[in-house]
Structure formats: C-alpha cells, structure tokens
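Participant:
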Amino acid sequence: MPHTTIYRDLLVVNYYPGRHVVGLGASISEPGRGLQTVLEALLRVGVKPISIEVMPNQSREGESLLWMVIDVGDVEEGALKSAILDLESSKTLSSVQLLSPVVPGLMTDAFFNYKGFLGNRAVIIGTPALDGFLRGLYESFGEAGAVFLYHVGKSIGARASKFYREALNIRDLRQLYRAAELFFQALGYVRSLNLTKLEKGVITATLTDNLECLLLKDVRLPPTSHWVRGMIEGVVEVIEGERYESEEVDCINKGSPVCRIVLRPVLS
Numbered sequence: 005m006p007h008t009t010i011y012r013d014l015l016v017v018n019y020y021p022g023r024h025v026v027g028l029g030a031s032i033s034e035p036g037r038g039l040q041t042v043l044e045a046l047l048r049v050g051v052k053p054i055s056i057e058v059m060p061n062q063s064r065e066g067e068s069l070l071w072m073v074i075d076v077g078d079v080e081e082g083a084l085k086s087a088i089l090d091l092e093s094s095k096t097l098s099s100v101q102l103l104s105p106v107v108p109g110l111m112t113d114a115f116f117n118y119k120g121f122l123g124n125r126a127v128i129i130g131t132p133a134l135d136g137f138l139r140g141l142y143e144s145f146g147e148a149g150a151v152f153l154y155h156v157g158k159s160i161g162a163r164a165s166k167f168y169r170e171a172l173n174i175r176d177l178r179q180l181y182r183a184a185e186l187f188f189q190a191l192g193y194v195r196s197l198n199l200t201k202l203e204k205g206v207i208t209a210t211l212t213d214n215l216e217c218l219l220l221k222d223v224r225l226p227p228t229s230h231w232v233r234g235m236i237e238g239v240v241e242v243i244e245g246e247r248y249e250s251e252e253v254d255c256i257n258k259g260s261p262v263c264r265i266v267l268r269p270v271l272s
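Printed below as a string of structure tokens:
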C-alpha cells in the first residue's frame with residue numbers, strides 16, 4: 005500500500021471470542037458494483053463478512069477504502085488468497101492487505117495509518133483511563149482539580165467548535181447546535197445531549213448519562229460536571245459569539261434522572 009497518510013473517522017475495536025477472524029483492507033475504485041463483486045467472491049469460498057466499511061480516500065480523489073472483518077472459519081488460507089488474487093486481477097480491488105489479529109478474535113482497524121477526523125488524529129480515551137485520570141487529579145489537587153477540568157474543558161470546546169464550524173461549513177445556529185449534540189454523543193461523553201435556547205440568550209443543556217458524573221459518583225460531592233460543563237460552555241460561546249457562564253443545576257449524583265446545565269450570557 006502507498007505510504008501516504010490515510011485518515012479514518014475513529015479507531016474501532018471489535019472482539020469476536022472463539023471465532024477465526026481476519027481483516028481485509030483494500031482500495032476499491034467502484035464501491036457500489038465493486039463491493040457486490042467482493043462479497044460474491046468471498047461467499048463462494050465460504051468466508052462470512054462480519055462488518056464492512058467503505059469510505060472516500062481523502063488522499064486520492066475518486067478512490068475509496070474498504071475495510072472488512074471476515075469470519076474465515078475452517079476455510080483454508082489458500083482458498084481465500086486465491087479469491088483475493090482474482091479480485092486484484094479483475095481490478096476490483098488494489099493494495100490488498102490481509103491482517104490477522106495478535107489476540108484471537110480481537111480485531112482492530114490496522115489498514116489506515118492514522119485515526120482522525122477531517123485530517124486530524126483522534127485521541128480516544130477509554131473509560132478506565134479517564135476514570136484513573138479524574139480520580140488521580142482530585143486525589144492530588146482536591147477542589148483545584150474541578151477548576152482545572154472546567155478551564156481545560158472550555159478550551160477544548162471552543163477550539164473544537166471553531167474548527168468544525170469551518171470544516172463542516174455550517175452557519176445556521178440551529179444546525180450548529182444539532183451538530184454539537186451529535187459530537188458529544190458520538191465521542192461517548194453523554195448518551196444524549198439537548199441544547200435549548202431560551203429567552204434573553206439563556207441556554208439549557210440536558211445530558212443523559214454524563215460520563216464525567218457517572219465516573220465521579222463515589223469520588224466527589226455533586227454537582228460533579230466540570231470538564232463536560234466547560235466543553236459545553238466553550239462550544240456555546242463560539243456559536244453565540246458572546247461570553248457565557250454556566251452552572252450545573254441538576255446532577256445524577258444528586259438523585260436527578262439527568263444532568264442539567266444552565267448557561268447565561270455574561271453582561272458587560
């Protein structure tokens with residue numbers, strides 16, 4: 005495969021215990037018709053596709069990238085390689101790589117060079133790592149940890165909001181808020197987020213399963229959302245073009261079914 009930087013949206017890890025799986029990465033010039041040809045060829049030799057992803061190759065116009073996790077079962081390796089050679093000969097696929105997992109059944113996407121979004125690498129922090137970070141921060145710095153999380157979160161929210169507003173070319177305020185809700189959900193900070201603009205510029209953010217509060221349930225007294233609250237405040241300030249202050253008025257660690265953050269414009 006060419007040594008050009010190829011970006012993928014997010015790193016995905018799939019685990020299929022007890023199954024003989026391999027990953028197939030390739031370039032595909034005609035995703036519609038070509039994908040059907042690939043599936044027919046694989047099924048003919050007895051392997052079963054488990055997951056399929058096709059995405060545009062941002063490094064080469066007109067080309068797409070194919071990533072598949074396939075269950076090989078008892079099919080001989082030679083039969084699978086023969087099917088792939090036929091697909092390459094017909095120019096359905098090119099730059100094909102077959103990748104076997106180091107841990108049986110544990111399949112990560114290793115076909116792409118960097119994991120990112122719109123050309124930026126994505127740093128995905130797993131729940132155990134985030135839990136350790138939050139606990140260690142509070143154990144070391146006490147109440148100052150909450151202040152640190154708020155300011156860092158606000159900086160992250162503002163910078164990300166500016167970048168994605170320009171990259172996605174969204175100008176409509178309502179659409180910007182809907183996009184922000186999707187990003188918070190997709191990145192795992194919340195199960196859902198609803199941003200609502202009220203009178204006098206006041207904005208409410210309703211969060212279900214706020215990850216920060218879930219992790220801090222037995223660590224800090226509520227309200228416990230400082231990092232996520234800061235991020236939301238940073239996003240809102242960029243969207244509205246004004247300074248805001250925020251307060252978590254409801255928290256799942258105070259018995260509320262949701263976390264609710266109220267954001268108010270700062271009067272000059």
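Just add 4 to the spot in the sequence shown (first one is 1) and you have my numbering. Built from N, CA and C at the ideal position, the CB exists for glycine as well.
Keeping to the same chain, check which residues put their C-beta closer than 6 Å to that of V239; ignore five residues upstream and five downstream.
Facilitator: G161, S165, A184
Participant: Buried or exposed, going by whether 16 or more other CB atoms sit within 10 Å of the CB of G273?
Facilitator: Within the shown structure, residues of the chain are numbered from 5 to 272, placing residue 273 beyond reach of any answer.
Participant: Have a look at M5 and G38 and give me their C-alpha separation to the nearest angstrom.
Facilitator: Per-residue confidence for M5 stands at a pLDDT of 35, beneath the threshold of 50, marking its modelled position as unreliable; the derived number appears in the next sentence. Rounded to whole angstroms, M5 to G38 spans 19 Å at the Cα level.
Participant: Starting from the C-beta of P53, find all residues in its chain whose C-beta is less than 7 Å away, skip the five residues before and the five after it, and write them out in chain order.
Facilitator: L43, L46, M72, I74.
Participant: Would you say V49 and V79 are within 9 Å of each other, going by their C-beta atoms?
Facilitator: yes
Participant: Report yes if the C-beta of V79 is less than 8 Å from at least one heavy atom of the ligand NAD; otherwise report no.
Facilitator: The ligand NAD is not part of this structure, which contains no ligands at all.
Participant: Which partner residues of M235 appear in the DSSP bridge assignment?
Facilitator: DSSP, once it has assigned bridges, lists no residue as partnering M235.
Participant: Using 8 Å as the threshold, is the stretch 248-262 in touch with the stretch 169-183, meaning 3 or more CB pairs across them?
Facilitator: In this structure the stretch 248-262 does not touch the stretch 169-183; the number of beta carbon pairs closer than 8 Å is below three.
Participant: Count the other C-beta atoms from every protein chain shown that fall within 10 angstroms of the C-beta of L211, then say buried if there are 16 or more, exposed otherwise.
Facilitator: buried
Participant: Leaving out five residues before and five after R264 in sequence, what residues of the same chain have Cβ atoms less than 6 Å from its Cβ?
Facilitator: T210, V253, D254.
Participant: My guess is that G205 and E237 are in contact by the Cβ rule of under 8 Å, so how many angstroms apart are they, rounded?
Facilitator: 13 Å between Cβ atoms; not a contact.
Participant: Is R169 helix, strand or coil by DSSP?
Facilitator: In the three-state reduction of the DSSP assignment, R169 falls in the helix class, which pools H, G and I.
Participant: Thinking just about the alpha-carbon of each residue, which of D213, H230, S93, G22 is nearest to the one in V107?
Facilitator: G22
Participant: Where does E246 land, buried or exposed, given buried means 16+ other C-beta within 10 angstroms?
Facilitator: exposed
Participant: Quick one: Cα of R268 to Cα of A133, how far?
Facilitator: 33 Å
Participant: In whole angstroms, give me the CA-to-CA distance for H230 and R178.
Facilitator: 25 Å
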